[in-house]
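To start, the structure itself, in structure tokens.
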Amino acid sequence: MPVELVEQKPEAALPVYLVAKGALEAAALPPSAIAWARANGFSGEAGRTLVLPGEGGGLAGALFGTGDGESVLGLGALARALPEGDWHFASSLAQPELAALALALGGYVFTRYGKKPGKALRFALPEGADAAHVRRVADSVFLARDLVNTPTSDLGPVELEEAARKLAAAHGADISVIHGDDLLARNFPMIHAVGRASTGAPRLVDMSWGPGDAPKVTLVGKGVCFDTGGLDIKPSSGMLLMKKDMGGAANVLGLASMIMAAKLNVRLRVLIPAVENSIAGNAFRPGDVLRSRKGITVEIGNTDAEGRLVLADALALADEEQPALLIDMATLTGAARVALGPDLPPFYTADETLAADLAAASVAVEDPLWRMPLWRPYDAKLSSKIADINNVTTDGFAGSITAALFLKRFVEKTHSWAHFDIFAWNPVDRPYGLTGGEAQGIRALERVIAGRFG
């Protein structure tokens, strides 16, 4: 972890004073700090750091502007703004654990390809923060970020399976994988169809952990390691970020890491259909009709709507054992970004209690989520002239909703199911994370799962 959180305040730790906008006098600052702030035009504007000079050319601490105080995760900017050394917050915090997590997340740098690590900071853990929980969550977010940031040349279906195996080994989980043509023999025809044109064989990763008699929690993550669009090929601009099309898989592995590290009392299952949607002579085609694991026939209106196909077979398998909670996560539609932008992933569920719990958790841990409707009248848009269903609509409207309705057809037995249409990417630098892969929704989900089953 680039920012080291220590439970004992180092002797030489310097104070960080948090200053709300326009509230210098109310921040209990030394007179010299107030004078320095005024001389430098510092008034507590959100995200600004001002280092305080000390005697003999040293430092006396730092001021950090919290603005209107709406975002605790904004404190993550300190991880990149403070000089190297030992630091502590000068006063107690209302949300100490979220503040500590902000520092940890803000110090993340993806170093695999030569980028230098962030600054070496030691920060005293704020009073009231659970150090073990902060580290579990931060490590799991870093896992998701690392996976999304890794290009497909180093993270195809084979390597995604290896990442799942590594996580399983770390926590003593069981794992099995169905490869290539065995998918047909085991009745996962749509996973096979989407991935068969790639040199990396399609596969279904199945990980399980926890007591057999504990409540079943199943996580399904879209693992499309690269998406050309298939024969309905994307333009080059549409392919630039397609290494992140396995962001759903990365996020459920991050969530699984949190659950297993916390030793929650659940029977966890993680299903990842890992494929690459490539172009070759044996690629599936527009107009093909695929028979799904559930027996539903699907006409292919567009090969670039492949994520819902692989998820459908995995969700059908998950639904067969009727878990207490079923979650799927996927970088599924551009329509979700048009509706809500990159920072606010929509989720869909018919379970009102789950929806309320997710909304509350989202606010509590600053992990933005927004519920969208499973609007039944739009279900008719997925009709087909020759099959049970089409994988796309013809009018292009409500694309995120109709994708969720498509998936809903493959979940019949499980009462508590939620679908998350995530972006898994920061398009610009944030205080808590640089441009690149991002974990979305999993911190809120961890809070809900721990509250229900912990």
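Heads up, the sequence shown is in the working numbering, so the first residue is 57 and it goes up one at a time. Note that CB positions come from ideal geometry on N, CA and C, so glycine has one too.
Setting aside the 5 residues that flank it on each side, Leu157 is surrounded in the same chain by Val190, Val193 and Ala194, each with a C-beta closer than 7 Å to its C-beta; the list follows chain order. Nearest neighbour of Leu425 by Cα position, chosen from Pro433, Arg432 and Asp413, turns out to be Asp413. Per the DSSP secondary-structure output, Val448 pairs with nothing in a beta bridge. The C-beta distance from Val276 to Val233 rounds to 15 Å, too long to meet the 8 Å contact threshold.
When rounded, the separation of the alpha-carbon atoms in Glu153 and Arg508 is 20 Å. According to the DSSP assignment, Asp238 belongs to the alpha helix (DSSP H) that extends over Asp238 to Ala241.
Taken through DSSP and simplified to helix, strand or coil, His248 comes out as helix.
Residue state for Leu115 is assigned as strand, using DSSP reduced to three classes. In this structure Asn205 is buried. Its beta-carbon is surrounded by 16 or more other beta-carbon atoms within 10 angstroms.
Residue environment: Phe453 is assigned as exposed (fewer than 16 neighbouring CB atoms within 10 Å of its CB, all protein chains considered). In the DSSP assignment, Arg347 falls within the unbroken beta strand (DSSP E) covering Val345 to Arg347. With respect to the 8 Å criterion, Arg178 and Glu60 are classified as neighbours on the basis of their beta carbons.
For Trp431, the secondary structure class from DSSP, reduced to helix, strand or coil, is coil. At least 8 Å separates the beta-carbon of Val322 from that of Gly256. For Asn333, there is no enclosing alpha helix (DSSP H); the enclosing beta strand (DSSP E) has its first and last residue at Arg323 to Asn333.
Bridge pairing for Asn358: absent [DSSP]. The Cβ-Cβ distance between Ala91 and Leu106 does not fall below 8 Å.
When DSSP reads this structure, Glu67 sits in no beta bridge, so it has no partner. Here DSSP, grouped into helix, strand and coil, assigns Asp210 to coil.
In this structure, Tyr404 places its C-beta atom within 8 Å of the C-beta atom of Ala460. Straight-line measurement puts the Cα of Gly123 at about 6 Å from the Cα of Gly100.
The stretch 119-199 contains, as complete alpha helix (DSSP H) runs of 4+ residues, the segments 134-137 and 152-162 (chain order). Beta-bridge annotation (DSSP): Pro109 is paired with Leu115.
A check of alpha carbon separations from Leu223 across Ala317, Gly170, Leu373 and Gly125 identifies Ala317 as the nearest. When the Cα atoms are used, Ala336 and Ile498 turn out to be separated by approximately 35 Å. In the three-state reduction of the DSSP assignment, Ile234 falls in the strand class. Distance from the CA of Asp230 to the CA of Gly310, rounded to the nearest whole angstrom, comes to 17 Å. Taking a 10 Å sphere around the C-beta of Pro291, we find fewer than 16 other C-beta atoms and assign the residue as exposed. Residue burial annotation: Leu296 is exposed, with fewer than 16 other C-beta atoms found within 10 angstroms of its C-beta.
Per DSSP, reduced to three states, the secondary structure at Phe462 is helical. Separation of Val421 and Leu161 (C-alpha to C-alpha, rounded to the nearest whole angstrom) is 13 Å. The straight-line gap separating the alpha-carbon atoms of Leu239 and Lys171 is approximately 39 Å. Straight across, the Cα-Cα distance linking His471 with Arg349 is about 20 Å.
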